[in-house]
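Visitor:
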Amino acid sequence: MMEGRMTPSPTERSGSQPQRVSVLVGSRSVPLLPGNPEQDSIRSPWTGIGAGIVLEKHTLAAVEIPVHEHPTFCLHLQTGGTVEMDWNSAGKTGHVHSATGDLILLAPGTRDSMLWHGTSQRIIASVEPSLLTHAAGQLGLSRLGDFENRWTLQDEQLRLLLTEMEREMASGWPMGALYGDLIGLSLSIALVRKYASPTPPPLLKGGLARAKLRHVLDYIETHLDRELRLEELATLAGLSLFHFARSFRESTGFTPHQYIVEKRVARAKLLLAKPEWTIEQVASAVGFQSASRFTSAFRANTGATPTFWRRNS
Numbered sequence: 082m083m084e085g086r087m088t089p090s091p092t093e094r095s096g097s098q099p100q101r102v103s104v105l106v107g108s109r110s111v112p113l114l115p116g117n118p119e120q121d122s123i124r125s126p127w128t129g130i131g132a133g134i135v136l137e138k139h140t141l142a143a144v145e146i147p148v149h150e151h152p153t154f155c156l157h158l159q160t161g162g163t164v165e166m167d168w169n170s171a172g173k174t175g176h177v178h179s180a181t182g183d184l185i186l187l188a189p190g191t192r193d194s195m196l197w198h199g200t201s202q203r204i205i206a207s208v209e210p211s212l213l214t215h216a217a218g219q220l221g222l223s224r225l226g227d228f229e230n231r232w233t234l235q236d237e238q239l240r241l242l243l244t245e246m247e248r249e250m251a252s253g254w255p256m257g258a259l260y261g262d263l264i265g266l267s268l269s270i271a272l273v274r275k276y277a278s279p280t281p282p283p284l285l286k287g288g289l290a291r292a293k294l295r296h297v298l299d300y301i302e303t304h305l306d307r308e309l310r311l312e313e314l315a316t317l318a319g320l321s322l323f324h325f326a327r328s329f330r331e332s333t334g335f336t337p338h339q340y341i342v343e344k345r346v347a348r349a350k351l352l353l354a355k356p357e358w359t360i361e362q363v364a365s366a367v368g369f370q371s372a373s374r375f376t377s378a379f380r381a382n383t384g385a386t387p388t389f390w391r392r393n394s
């Protein structure tokens, strides 16, 4: 249904970034679902790839969604309830009986209406087409292929990725922008590999060359006091985002995000041994934007808060 356009990859979240998962009704942009979401990504710190994803969590009652057009890819993940839904699009109609774990995937340009016959809980995500065009380039494709709409779909990988995004949103985005890059890239790659036509070529094998790996690791060590982006690390290695992330994990046993968090926590432990350093100063010195995010990451890594660690180490 949708043929990819070669558009630039997203860079920074800006004031024009959609605040809701939105569709077009005539010339107006309006929220896809009625009412206010229980959670949303308005306060997300994600930039770069992650900025191209808008996320909402809803409890959706029986409702009719009138005719609208999707300007972006739209994903639904049903997280609770069993519900029946009628859809109407491009002269075709359908009736779907969906349960927890079922998904819907709609491509940009889709015009449809929907009638929900009961209540369900769901996560909905809007994904900018430029993310998938970028992912296609990472996979070595000359263009982004077409997508067929899927009014009911079961895909464990997509379910896990959307669930992880919802967990990150619910916990206040503790993992930061690099994590948004990684999870956004993973979602985009999965959509292109599984649902775009033609089928992408097979993945390249092999880890980073030793000299490239050392260069990247030294760079990380030198810049732990600031935000690190997947793009800059991939550029250092001379690889695409996708192949860099894969090769880095093959070489180290960690994703770039996991490795950086490990290094940040290791340095934080050294600084916590200095009583003149406050928790806020330690957090800033190891690249966390706030003491609360630092505390969440430190606890996840060590099982203890920084304060507890300092008192008992």
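Quick note on the numbering used here: the sequence shown kicks off at 82 and runs consecutively. Backbone N, C-alpha and C define an ideal beta-carbon position, used for all residues, glycine too.
In terms of residue numbering, what span does the beta strand (DSSP E) encompassing phenylalanine 443 cover?
Guide: Outside the shown range of the chain (82 to 394) lies residue 443, about which nothing can therefore be said.
Visitor: Is it buried or exposed, arginine 401, if we count other Cβ atoms within 10 angstroms and call 16 or more buried?
Guide: In the structure displayed, the chain extends from 82 to 394; residue 401 sits before or after that span and is not available.
Visitor: From valine 106 to serine 194, what does the alpha carbon distance come to, in whole angstroms?
Guide: The alpha-carbon atoms of valine 106 and serine 194 are separated by roughly 11 Å.
Visitor: Relative to the C-alpha of arginine 109, which candidate in Gly131, Val144 and Pro152 has its C-alpha closest?
Guide: Nearest of Gly131, Val144 and Pro152 to arginine 109, Cα basis: Pro152.
Visitor: Between Lys173, Ala251 and Thr174, which has its C-alpha nearest histidine 139's C-alpha?
Guide: Considering only alpha carbons, the answer is Ala251.
Visitor: Just checking my contact of valine 208 with leucine 268 at CB under 8 Å: how many whole Å lie between their CB atoms?
Guide: The pair is a contact, with the Cβ atoms about 7 Å apart (cut-off 8 Å).
Visitor: Leaving aside the five residues before and after leucine 284 along the sequence, list all residues of the same chain whose C-beta is less than 6 Å from its C-beta, in chain order.
Guide: With a pLDDT of 49 at leucine 284, under the threshold of 50, the modelled position of that residue is not reliable, and no figure is offered here.
Visitor: Could you give the DSSP three-state label for glutamate 308: helix, strand or coil?
Guide: Coil at glutamate 308, not helix or strand.
Visitor: Please report how far the alpha carbon of leucine 353 lies from the alpha carbon of arginine 391, in whole angstroms.
Guide: Taking the straight line from one Cα to the other gives about 6 Å.
Visitor: What's the call for histidine 178, buried or exposed, on a 16-neighbour Cβ count within 10 Å?
Guide: By the 10 Å Cβ count, histidine 178 comes out exposed.
Visitor: Considering only the alpha carbon of each residue, which of Leu351, Thr316, Ser377 and Ser211 lies closest to alanine 406?
Guide: Residue 406 lies beyond the range of the chain shown here (82 to 394); nothing can be said about it.
Visitor: Is the stretch 152–170 touching the stretch 232–246 in the sense that three or more CB pairs, one from each, lie closer than 8 Å?
Guide: Contact holds: three or more Cβ-Cβ distances are below 8 Å.
Visitor: Apart from the five residues on each side of it in sequence, which residues of its chain come closer than 6 Å, Cβ to Cβ, to arginine 101?
Guide: Once the five neighbours on either side are set aside, the close Cβ partners of arginine 101 are Pro112.
Visitor: Assuming contact is defined by CB atoms lying nearer than 8 Å, are isoleucine 301 and leucine 309 in contact in what I supplied?
Guide: Against a cut-off of 8 Å, the Cβ pair of leucine 309 and isoleucine 301 comes out as a contact.
Visitor: Where does proline 112 sit, in a helix, a strand or coil, going by DSSP?
Guide: Proline 112: strand per DSSP, three-state reduction.
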